[in-house]
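Count the sequence shown with the numbering used here and you get residues 149 to 254, in order.
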Amino acid sequence: MTEGFSELKRIRKPFTDVDDLIRRLIVHASLASYYGTPGATHWCLQRARGLHNGLVARWKCIQQTLAINAALQAAWMHHHFQLGLAFELVEASALPRSITIHSGVG
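What follows is the structure in structure tokens.
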């Protein structure tokens, strides 16, 4: 069991580094949006989205090759959901202020 855990820690290290980079890009995108620089906002979001998609693809590949326990999978999916929400919030805040966002149109 300990061998499996150390293997997961070894695999998780690159994910942690990329997670940190993604978070920094999201923060920079948020600041760029706040200061009204749409080019920088778009660039940061585009890079963060690409890194995030790459992480998801790598994780799915690892899931297929290793027997990962359900708790770890659930933790990853929760983390993936949180990053997705962060993207949506920053992208929504980057919209021009003249656009009205309607929720529940009907």
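Heads up, the beta-carbon is just placed ideally off N, CA and C, and yes, glycines get one too.
Tell me which residues share the same chain as residue i and place their Cβ nearer than 6 angstroms to its Cβ, disregarding the 5 neighbours each side in the sequence.
i	result
residue 196	170, 173 and 174
residue 177	189, 192, 193 and 238
Using a Cβ-Cβ cut-off of 8 angstroms (strictly less than) and excluding sequence neighbours within five positions of residue i, which residues of its own chain qualify?
i	result
residue 202	166
Would you kindly work out how many angstroms separate the C-alpha atoms of residue i and residue j, rounded to a whole number?
i	j	result
residue 205	residue 185	30 angstroms
residue 168	residue 182	21 angstroms
Going along the chain, which residues of its own chain have a beta-carbon closer than 7 angstroms to the beta-carbon of residue i, five neighbours each way excluded?
i	result
residue 180	188, 189 and 192
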